[in-house]
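Colleague:
Residue numbers (the numbering used here): 1361 to 1923.
#1: How would you call residue 1909, buried or exposed, if buried means at least 16 neighbouring beta carbons within 10 angstroms?
#2: Does the beta-carbon distance from residue 1449 to residue 1539 come in below 7 angstroms?
#3: Can you give the Cα-Cα distance for residue 1667 and residue 1646, rounded to whole angstroms?
#4: Could you pull the start and end residues of the alpha helix (DSSP H) that residue 1547 belongs to?
#5: Would you mind stating whether residue 1869 and residue 1797 have Cβ atoms separated by less than 7 angstroms?
#6: From the DSSP secondary-structure annotation, give me the bridge partner or partners of residue 1610.
#7: Tell me residue 1763's beta-bridge partners as DSSP assigns them.
#8: Just to confirm the assignment, what range does the alpha helix (DSSP H) spanning residue 1595 have?
#9: Pick from 1488, 1529 and 1887: whose alpha carbon is nearest that of residue 1499?
#10: Whole angstroms is fine: what's the gap from residue 1426's alpha carbon to residue 1699's?
#11: Could you give the residue range of the alpha helix (DSSP H) that holds residue 1713?
#12: Are the region 1467-1475 and the region 1542-1556 touching by the rule of at least three beta carbon pairs closer than 8 angstroms?
#13: For residue 1467, which residues in the same chain have their Cβ closer than 7 angstroms to its Cβ, ignoring the five residues on either side in sequence?
#14: Measuring straight from C-alpha to C-alpha, what distance separates residue 1630 and residue 1444?
#15: Bridge partners for residue 1879 per DSSP, in chain order?
#16: What residue from 1863, 1790 and 1825 has the CA that sits closest to residue 1807's CA?
#17: For residue 1676, which residues in the same chain have their Cβ closer than 7 angstroms to its Cβ, ignoring the five residues on either side in sequence?
#18: Out of 1558, 1610 and 1510, which has the shortest C-alpha to C-alpha gap to residue 1601?
#19: Please classify residue 1734 as buried or exposed, where buried requires at least 16 neighbouring CB atoms within 10 angstroms.
#20: Per DSSP, residue 1907 is paired with what?
#21: Is the separation between the beta-carbon of residue 1865 and that of residue 1779 shorter than 7 angstroms?
#22: Here's the rule I'm using: 16 or more other beta-carbon atoms within 10 Å means buried, otherwise exposed. How should residue 1843 be labelled?
#23: For the alpha helix (DSSP H) containing residue 1433, list its first residue and its last residue.
#24: Leaving out five residues on either side along the sequence, give the residues of the same chain with a beta carbon under 7 angstroms from the beta carbon of residue 1709.
#25: How many Å lie between residue 1613 and residue 1606 at the Cα?
#26: With DSSP run on the structure shown, which of helix, strand or coil describes residue 1902?
#27: Cα separation between residue 1901 and residue 1453?
#28: Do residue 1501 and residue 1437 come within 7 angstroms of each other at the CB atom, strictly closer than that value?
#29: How many Å lie between residue 1692 and residue 1585 at the Cα?
#30: Throw me the rounded Cβ distance for the residue 1899 and residue 1917 pair, which I believe falls under 8 angstroms.
#31: Express the C-alpha separation of residue 1512 and residue 1503 in angstroms, rounding to a whole number.
#32: Express the C-alpha separation of residue 1655 and residue 1574 in angstroms, rounding to a whole number.
#33: Look at the Cβ atom of residue 1789, then the Cβ atom of residue 1387, and state whether they are nearer than 7 angstroms.
#34: Compute the distance between the beta-carbons of residue 1861 and residue 1394, then report whether it is under 7 angstroms.
#35: Would you call the CB atoms of residue 1849 and residue 1399 closer than 7 angstroms?
#36: Can you give me the C-alpha to C-alpha distance between residue 1434 and residue 1494, rounded to a whole angstrom?
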């Protein structure tokens, strides 16, 4: 009976149980990704250090305890893949979307519960295949999370890490794409077909709008990456030439391929890759809008403008992939078009930023940990977005493209901002996830340490970029022109240690609160949306999602199911 009960819980179709599975998968992934980043930062400042457990973990890549450049690039690939796909894509949409989207719409479950469970297990299989790619003979994949051909498309002859490990990497990404598409279909169907009585589109919370926009983006972009991955696997295993040009030499051997183009992969990859930025950040925008209104005790300023801005960002995000290719020989006329579209995407982003500020302005602020992370999200999002204005100019990008300036930009705008949204959602919906409250005092300590650590780590990277510090290099110490930058790199490494250590506060808070935290009862945040309704309460909707203006029965808010 116990085994049967455990299996039924494990293979459940309940959307909240599936949300917890996604949550713990993303948690495990982010811990692994963070550990890899610390190992890489250590190597960058001490590339000749002999570390005994390096040799134990990687007897080939770190023989004698000294990390080889190939191993560094393999760790870089694994770190980027884990963080982009299994953290920033999964947690905001698959974990928190599954958790509260149906209830916020007045529905009992997702549109396709079995499909929902299947999408998780496909994604989990993808994660296992990714880990296996680093344990096969020949070494783990080292082509980065972008996997640019031609070297990634020819197989083991290209060198260490380009054999079975790279093949498994493509298989992992293909599985992830399949799981993401199933999730997108489920979210779109739930929003369009499963809304409860009275829940019109313009009564949906902004979280639902942003999950919906994210799902549309996923459904349009992940199939392109899946198709590109299948084509490159055919190049690797079937002798085709989609991405491999004629006359290519590797060592002294002439490749038999002819007629392909490595740039075709870049177009296909970045047609997915730039929407992926918004797949990671759009759910956070909706979560932050929702939390700011709840804890400012005010309606969201410009609700309709916020909805329009979400879809404007999604639409423009599908059109700007070429700004990742300014130095690839792209036509100057195309570069001008992509540059203008890149600048245009700042307009709806600015609408959101000004509306967030207006929502908090003169509000009755309740500075809970969730609210602090929401405010921190706004700060990080603006800071990271400002550096994007430089990279959107082809002539400036020609200098910055392969430098740490880009590392700083995408870690702030895509990584840290999205993580702040994830932290805000975790503190806000923890009572729904686990029936308890996270400790607010520890939460605020965690916020301030993380906020300081994020800026201390990624802010100085902009200056390294100004100095021309190249990214993806495993060792800076052998270059004379980088000697003045080495102290800055040491600062970044120590700041990264500080930022990682700050997450121990969150981990302790999480584990303690799951086991012994204060039990949550009812609508703990005095929110207006339906996920906080009791099990026997009606979910028929009578008003909009952010009714904080008038008092109802001595309260300053009105829930959506109250007539």
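The beta-carbon is built from N, C-alpha and C at its ideal position, and this holds for glycine as well.
Modeller: Reading from the atomic positions:
#1: exposed
#2: no
#3: 9 angstroms
#4: 1524-1553
#5: no
#6: 1613
#7: 1830
#8: 1566-1598
#9: 1529
#10: 43 angstroms
#11: 1706-1720
#12: yes
#13: 1550, 1554, 1555 and 1556
#14: 14 angstroms
#15: 1796
#16: 1863
#17: 1701, 1704 and 1705
#18: 1510
#19: buried
#20: 1918
#21: no
#22: exposed
#23: 1429-1441
#24: 1673 and 1745
#25: 13 angstroms
#26: coil
#27: 24 angstroms
#28: yes
#29: 26 angstroms
#30: Not a contact, Cβ separation roughly 17 angstroms.
#31: 6 angstroms
#32: 25 angstroms
#33: no
#34: no
#35: no
#36: 8 angstroms
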